[in-house]
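Going line by line, the protein sequences match chains A and B. Counting in the working numbering, the first sequence runs from 266 upward without gaps. Counting in the working numbering, the second sequence runs from 976 upward without gaps. Idealized CB from N, CA, C, for every residue including glycine. Have a look at the structure below before the remarks.
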Amino acid sequence: MPRLDGLPAKMQAVLRAQPVAEYDNSPDAGPVTLASARVALVTSAGLHERADQPFTREDPGFRVISSKAAAEDLVQSHTSIGFDRTAMQRDINVVFPIDRLRELEAEGVIGERAPRYLSFMGAQHDPEAVLASSAAAAAEELLRDRVDVVLLTPT
Amino acid sequence: MLARTFEGAGLATVSISLVLEHSAMLKPPRALYVPFPFGLPLGNPGDAAQQRRVLDAAFGLFDGQPPVLRELTGEVDEAPAAPVQASALGARPGQDASVADEVTQMRHYQERWVARTGRSSVGLTGVPPTRFRGLVRFLEAVAGGDLTSRPRECPPDAELAYFIRWCCDDLKAFYAEARFVMRPEDSGDAVQRWLWGETAVGELIRRVGERMTASDDPLMRQVAYGVAR
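Here it is in structure tokens:
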């Protein structure tokens, strides 16, 4: 994808208007040994299990997805208009690499997959609301599952 | 932002980034900027090797000291940066054909997609495709101005505006899966152009969106924004 100035004008305007906090540094959870790490996926692609509640616009919550779920168990209720859904419809791994992570586990590249993955509604106009209401709760769920590493994917 | 909260709680994170400028400001602990359009941060569908290269590069960021922001190089992306939307395409003659009959024709192809892949991304309404003619009748009533009648398939705790959106999204996904069988070589952009420019359902969904946009109900207007896209 091109950088912002390579996007269509309308999309560029939306992204430039988004409030984005600026930081000087990052938190650091410390060193990681991938080969023994328990890895969870967290996405902002608005995915969820078929029977779960669809996301609504500006939905600040998250949905839990079993790492045993297969592609046919997942649907997407993301409300954004700015991305190509057909790629995910053809292959869930373009946004939520459940099969690739399974392969990495089998090959010993990662220690193991976490029992549960999480999904948020992306493209929020007020990301602070997400942080305030559910990011900490999501972290607690991951810690409860003794997760070491989180891979975050956007859409 | 999630990455910063998670990392602060003791979870090591690595993020895939589609907007370099935002990641440079937010400074997630480890981020891999990828050269792909929105919707496919790990690359092209069906290209497991490419997806694996993205993951290898992402997990490779654990070698550095946060903040790490690295650009994935060597991958070629030729897809449009944003999908075509209904508003960009005018209706064509023939798009006023029977949507219900068109849905029945599409089912033949969509069922082949499900048989071939074992999956379908249709399912927000919970209504099986064998009953999509009923969804079409409901949407035709909406397009005709009935924005208050709740079909029995609408969950009691769901807002009608969202149920309309889910009906449209299910139909769009259903048609896309049919098209994957009809024209496997079509890009995502080509599928969108076909849906909005050549199908009767595309024209129906466009009219549904217009009707919702003209509603007095603020939620209807808000949800309408994403219907015909």
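The three-state reading of DSSP puts M1157 of chain B in helix, counting H, G and I together.
Where I1180 of chain B is concerned, the enclosing alpha helix (DSSP H) starts and stops at 1175–1188. Contact annotation for V1156 of chain B against chain A: no contact, minimum CB-CB distance about 11 Å [criterion: below 9 Å]. Listed along the chain, the chain A residues whose CB falls inside 8 Å of the CB of Q1197 of chain B are R322. DSSP places Q341 of chain A in the uninterrupted beta strand (DSSP E) bounded by 339–341. Within the model, the alpha-carbon separation for D410 of chain A versus M386 of chain A is close to 22 Å. The straight-line gap separating the alpha-carbon atoms of T1079 of chain B and R1108 of chain B is approximately 8 Å. About 6 Å separates the Cβ atoms of L1122 of chain B and S1190 of chain B, confirming a contact at the 8 Å cut-off. The DSSP-derived three-state label of H390 of chain A is coil. Shown here for A310 of chain A: same chain residues with a beta carbon closer than 8 Å to its own, the five before and five after excluded, namely Q341, H343, M353, V360, F361, S384, G387, T418, P419, T420 in chain order. Exposure of H1083 of chain B is indicated by the presence of fewer than 16 other C-beta atoms within 10 angstroms of its C-beta. In terms of Cα proximity to C1129 of chain B, the closest of A:V285, A:R367, A:P319, A:A394 is A:P319. When DSSP states are grouped into helix, strand and coil, F1011 of chain B belongs to the coil group.
Residue state for F385 of chain A is assigned as strand, using DSSP reduced to three classes. Following the DSSP letters along the chain, one finds I363 of chain A inside the alpha helix (DSSP H) bounded by residues 363–372. R355 of chain A reaches chain B at P1020, G1021, F1155, counting residues in chain order whose Cβ is nearer than 8 Å.
Inside the stretch 1103–1139 of chain B, DSSP marks whole alpha helix (DSSP H) runs of 4 or more residues at positions 1107–1118, from first to last along the chain.
Residues of the stretch 389–406 of chain A with a C-beta atom less than 9 Å from some C-beta of chain B are P392, E393, V395, L396, A400, A401, A403, A404, E405, listed in chain order. A distance of 8 Å or more separates the beta carbons of G347 of chain A and A300 of chain A. With fewer than 16 other Cβ atoms inside 10 Å of its own Cβ, R281 of chain A counts as exposed.
DSSP places V415 of chain A outside any alpha helix (DSSP H); the residue lies instead in the beta strand (DSSP E), whose first and last residues are 414–418. For E337 of chain A, the nearest beta carbon of chain B is closer than 8 Å to its own beta carbon. Exposed is the label assigned to A274 of chain A, since fewer than 16 other Cβ atoms lie within 10 Å of its Cβ.
In the three-state reduction of the DSSP assignment, R1028 of chain B falls in the helix class, which pools H, G and I. With contacts defined by Cβ atoms closer than 8 Å, L1170 of chain B and D349 of chain A do not form a contacting pair.
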